[in-house]
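Undergrad:
There are 2 protein chains.
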Amino acid sequence: MAVKSNKTAEFPRPQVTVDVVILTLREGALQALLMKRGAAPFEGQWALPGGYIHPQEDQNLDAAARRILRDKAGIETPYLEQLQGFGDGKRDPRGWTATFAYFALVAAETLDPQHGANAEAVAWRNATEKQKLAFDHAEILATAVARLRSKVEYTTLPVHLLPPKFTLPDLQRVYEQILGRKMDKSAFRKRMAEADFVEPVPGEQRPASNRPAQIYRVKRGFKTIFFDRTI
Amino acid sequence: MAVKSNKTAEFPRPQVTVDVVILTLREGALQALLMKRGAAPFEGQWALPGGYIHPQEDQNLDAAARRILRDKAGIETPYLEQLQGFGDGKRDPRGWTATFAYFALVAAETLDPQHGANAEAVAWRNATEKQKLAFDHAEILATAVARLRSKVEYTTLPVHLLPPKFTLPDLQRVYEQILGRKMDKSAFRKRMAEADFVEPVPGEQRPASNRPAQIYRVKRGFKTIFFDRTI
DNA sequence: TTAATAGTGTCTCTAAGACACTATGAA
DNA sequence: TTCATAGTGTCTTAGAGACACTATTAA
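As they're listed, the protein sequences go chains A and B. The first sequence begins at 8 in the working numbering and counts up one residue at a time. The second sequence begins at 8 in the working numbering and counts up one residue at a time.
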């Protein structure tokens, strides 16, 4: 907040938007939901779902992000966290703009991008390989992937990429796919048990042509758990 | 970025600002630089230094934060990182506003708040006790302190609260003051040695009425180091 | 009985914490 | 010589990783 509020009022104020990186695990890869732009600038190019803040409708920034998630992708209650602000004079050819970028995690099984507003212009695209996107959205996407990878190392975030019921081998596979390396089963299960954020669903198992796996769910009141790091 | 760019143009766009939490360690406590507001709203109340983005002057958000740091507090090269965005319809009585909040760490010894623009309206205040500030600045300040505390647990951030030359006992005291607990000297020094981000200044020691301490400085090319945390 | 994956137990090794020890300068 | 703090060495213990083992189902 400026102490003197109108000193610079003669200059155009930057436009500000909210953009959301929606990540999921599909076909064994991390994918992001992108939309094809229908208007200039960057008409026809792929971009992150986003939009302006609606002051009469959005209570706060988080609410604006949730509205965008709902309107553009038909997603109601994903994991959502603020990623980072991006702003400069070059990202939009129309002038200085800024955006509050969010990132959301959803289970591929629980959603259908076709339910969004303009269905044909929505697609899942691989999130980890470099690609050209409108504005600075490639950079925002890369930042989101980096943030996820970093947090996966020491949090329970990956459960949000699974449906409500899952097995421990499922969960381990999610960690392994995001981090791109194998993990020891025994050590993994010890840490999950210690973190104490999932519980077996009594009597439910996943049948298979081998030993069936116990089905788990996230405990009630669960919040993301951070594992120990020491200074 | 909205696909349709002018659909909501009839509604007032939120004003957006950049605010900076400047933290230092003075008198054994974590303190924040605050400014007394000279105009409505919240005239006469204390607030974080901040201001509007100057599109012709600021290359990007970080540059805007650095300009505010320079103009309001006379600080040139502190540690600076983006904290979080805050925005809603209630924080400013004039309507929906949003801010990109930053936090900066500076060594108390290397700066004098009197060098800022309006000196008499600038003061260091304890950052950890609750206080009433203009807008939602108390919440922003609390968020910055929480972020610092959390990062201190597993990074080398605290060096930025010391002058360029310091001793290892100095550094340990910074960690202890922020975290509010004693640390084991031997373990602390082992970790600092392992992180390998400081080096002794050859031949320089801090004289005292006891064994003098070796003086250290941060290594060239140093970037914040994260200690291990495992999933 | 076999194949395949779920799930557990055990051993080793590293690293953190506790704590005792030595080092060094001023008074 | 004493005091105070700097700086190092050693022991114990907890936890991570490696890896071998057992369990359970369908075919």
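Using N, Cα and C, we set each Cβ at its ideal position, and we do this for glycine too.
Once the 5 residues before and after L186/B are set aside, which same chain residues still bring their CB inside 8 Å of it?
TA: These residues qualify, in order along the chain: R156, V159, E160.
Undergrad: Is Y109/A helix, strand or coil when you go by DSSP?
TA: Y109/A falls in the strand class under three-state DSSP.
Undergrad: Roughly how many angstroms lie between the CA atoms of Q138/A and I29/A, to the nearest whole one?
TA: Approximately 16 Å between the Cα atoms of the pair.
Undergrad: Can you name the start and end residues of the alpha helix (DSSP H) that I60/B belongs to?
TA: That residue, I60/B, is in no alpha helix (DSSP H); it is neither H nor E in DSSP.
Undergrad: Check the C-beta distance from Y223/B over to E206/B and give it rounded, since I have them as a contact under 8 Å.
TA: About 7 Å; that satisfies the 8 Å criterion.
Undergrad: Quick one: does Q91/B have its CB under 8 Å from some CB of chain A?
TA: It does: the Cβ of Q91/B has a partner Cβ on chain A nearer than 8 Å.
Undergrad: Given a cut-off of 8 Å, decide if T31/B and L168/B are closer than it, judged by their beta-carbon atoms.
TA: Yes. Within cutoff.
Undergrad: Closer than 6 Å by C-beta to Y86/B: which residues in its own chain qualify, once you throw out the five before and the five after it? Chain order, please.
TA: Cβ within range, chain order: L112, H167.
Undergrad: Could you tell me the boundaries of the alpha helix (DSSP H) in which I75/B lies?
TA: Here the alpha helix (DSSP H) through I75/B covers 68 to 80.
Undergrad: So Q22/B contacts chain A; which residues on that side make the cut at Cβ distance below 7 Å?
TA: Simply R20.
Undergrad: In the DSSP assignment, find the alpha helix (DSSP H) that holds P176/A and state where it starts and stops.
TA: 175 to 186 is the span of the alpha helix (DSSP H), which, as asked, contains P176/A.
Undergrad: At which residues does the beta strand (DSSP E) containing T135/B begin and terminate?
TA: Per DSSP, T135/B belongs to no beta strand (DSSP E) and is neither H nor E.
Undergrad: Does DSSP put K226/A in a helix, in a strand, or in coil?
TA: Coil, per DSSP.
Undergrad: Under a Cβ-count criterion, where at least 16 other Cβ atoms within 10 Å of its own Cβ denotes burial, should T24/A be classed as buried or exposed?
TA: Result: buried.
Undergrad: Can Q22/A and R98/B be called in contact, C-beta distance under 8 Å?
TA: The answer is no: Cβ separation not under 8 Å.
Undergrad: Which residues does DSSP pair with R33/A in a beta bridge?
TA: Bridge partners of R33/A: A36/A.
Undergrad: Less than 8 Å between the beta carbons of G57/A and T106/A, yes or no?
TA: It is a contact, given that the beta carbons lie within the stated cut-off.
Undergrad: So L68/B contacts chain A; which residues on that side make the cut at Cβ distance below 9 Å?
TA: Here the neighbours are G92, F93, G94, D95, A105.
Undergrad: Roughly how many angstroms separate the alpha carbons of H144/B and Q89/B, rounded to a whole number?
TA: Their backbone Cα atoms lie some 15 Å apart in a straight line.
Undergrad: Would you call K230/B buried or exposed, if buried means 16 or more other Cβ atoms sit within 10 Å of its Cβ?
TA: When all chains shown are included, K230/B counts as exposed.
Undergrad: Does chain A have any CB closer than 8 Å to the CB of F229/B?
TA: Cβ-Cβ to chain A under 8 Å: no for F229/B.
Undergrad: Would the C-beta of V113/B count as close to the ligand ZN, meaning under 7 Å from any of its heavy atoms?
TA: Absence of the ligand ZN is noted for the structure shown, with no ligands found whatsoever.
Undergrad: Taking DSSP as the reference, what is the three-state secondary structure of T84/A?
TA: Coil at T84/A, not helix or strand.
Undergrad: In whole angstroms, what separates the C-alpha of A153/A from that of R188/B?
TA: A153/A and R188/B: Cα-Cα distance of roughly 32 Å.
Undergrad: State the beta-bridge partners of Q89/B as determined by DSSP.
TA: Y109/B, per the DSSP bridge assignment.
Undergrad: Using DSSP bridges, identify the partner residues of P207/A.
TA: P207/A pairs with Y223/A.
Undergrad: I82/A CB to nearest chain B CB: under 8 Å?
TA: Not an interface residue.
Undergrad: To the nearest angstrom, how far is it from the Cα of P170/B to the Cα of A46/A?
TA: Distance between the alpha carbons of P170/B and A46/A: 52 Å.
Undergrad: Where L76/A and K43/A are concerned, what is the direct C-alpha to C-alpha distance, given to the nearest angstrom?
TA: C-alpha separation (whole angstroms): 16 Å.
Undergrad: What residues in its chain sit with their C-beta under 7 Å from that of A54/B, if we drop five residues either side in the sequence?
TA: Excluding sequence neighbours, A54/B sits near L41, M42, R44, L140, A141, F142, H144.
Undergrad: By the 10 Å Cβ neighbour count, where 16 or more other Cβ atoms means buried, how is G35/A classified, buried or exposed?
TA: With fewer than 16 Cβ atoms within 10 Å of its Cβ, G35/A is classed as exposed.
Undergrad: Within 8 Å (strictly less), CB to CB, does P62/B reach chain A?
TA: Yes, P62/B counts as interfacial toward chain A.
Undergrad: Nearest by alpha-carbon distance to T84/B: which of G92/B, F93/B, R74/B, Q91/B is it?
TA: Among G92/B, F93/B, R74/B, Q91/B, the Cα nearest to that of T84/B belongs to R74/B.
Undergrad: Find the residues of chain A that neighbour G102/B, judging by a C-beta separation of less than 8 Å, and give them in chain order.
TA: Chain A residues near G102/B: P62.
Undergrad: For P219/B, count the other beta carbons within 10 Å of its own beta carbon; 16 or more makes it buried, fewer makes it exposed. Which is it?
TA: The residue is exposed, with fewer than 16 neighbouring Cβ atoms inside 10 Å.
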